[in-house]
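Numbering (the numbering used here), first residue to last: 2 to 84.
C-beta: ideal position from N, C-alpha, C; glycine also.
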């Protein structure tokens, strides 16, 4: 199996679980590749800021669904502190 490389954020690399989820959906991947590095950074940091595994998994699935819908940044989150 070939590992698909996808675009990263500014301060964060794409974690494997997120990469696997995004690449499983052509529409999510298309949106991911179309958003800015800063926007990708926001999604990644939002996911990595989860304290519980359940929350992280929920955020990864929500990211996929929202990218499919064309949403370009996570909603209701203060933003990445690593910018």
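Closest by C-alpha distance to residue i, when choosing among the options
{"i": "residue 35", "options": "83, 82, 7, 80", "result": "7"}
{"i": "residue 38", "options": "9, 5, 69", "result": "9"}
{"i": "residue 72", "options": "53, 32, 80", "result": "32"}
Counted within 10 angstroms of its Cβ, other Cβ atoms place residue i as buried (16 or more) or exposed
{"i": "residue 55", "result": "exposed"}
{"i": "residue 90", "result": "Since the displayed the chain opens at 2 and closes at 84, residue 90 lies outside it and no answer follows."}
{"i": "residue 66", "result": "exposed"}
{"i": "residue 46", "result": "buried"}
{"i": "residue 27", "result": "exposed"}
{"i": "residue 79", "result": "exposed"}
Run of the alpha helix (DSSP H) containing residue i, from where it starts to where it stops
{"i": "residue 44", "result": "38–49"}
{"i": "residue 21", "result": "17–24"}
For residue j and residue i, believed in contact at Cβ under 8 Å, the rounded distance
{"i": "residue 44", "j": "residue 64", "result": "5 Å"}
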